[in-house]
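Asker:
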Amino acid sequence: MTPETRKQQLERISVDPQVCFGKPVIRGTRIWVSLILDWLADGESVADILKEYPHLTEADVRAAIAYGAEASRSFAVDVPTKAAS
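Quick note, in this note's numbering, the sequence shown goes up one by one and the last residue is 124.
(1) In the DSSP output, which residue or residues are listed as bridge partners for I65?
(2) Rounded to the nearest angstrom, what separates A86 and K46 at their Cα positions?
(3) Using the C-alpha atoms, what's the distance from E83 back to I52?
(4) Can we say the stretch 49-67 touches the stretch 91-107, given the rule of at least three CB pairs closer than 8 Å?
(5) Could you tell me the alpha carbon to alpha carbon distance between A105 and T120, rounded to whole angstroms?
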């Protein structure tokens, strides 16, 4: 099986004002992309996420990561700076 292209990954994401207030979700679910990214950032594994949400696939998790990567290209988040010593 060949890996999905970025376009195919992003097709797994849905943004609909009528679903979850228009937040990006895994298509066909109400699982926010940001929730998946938060779990990964907190050290949870893909296996942990799939255990919690067995109807998701590893490809869905990769799609969430791809969406986060694309979003970071056009949107900057304020990050804490280290105070001068």
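All residues carry an ideal CB built from backbone N, CA and C; glycine is no exception.
Answerer: With the structure as the only source:
(1) The partner list for I65 (beta bridge, DSSP) reads I52.
(2) Answer to the nearest angstrom: the Cα atoms are 24 Å apart.
(3) The straight-line gap from Cα to Cα measures roughly 21 Å.
(4) Contact check between the stretch 49-67 and the stretch 91-107: three or more CB pairs, one atom from each, fall below 8 Å, which counts as touching.
(5) Rounded to the nearest angstrom, the two C-alpha atoms are 26 Å apart.
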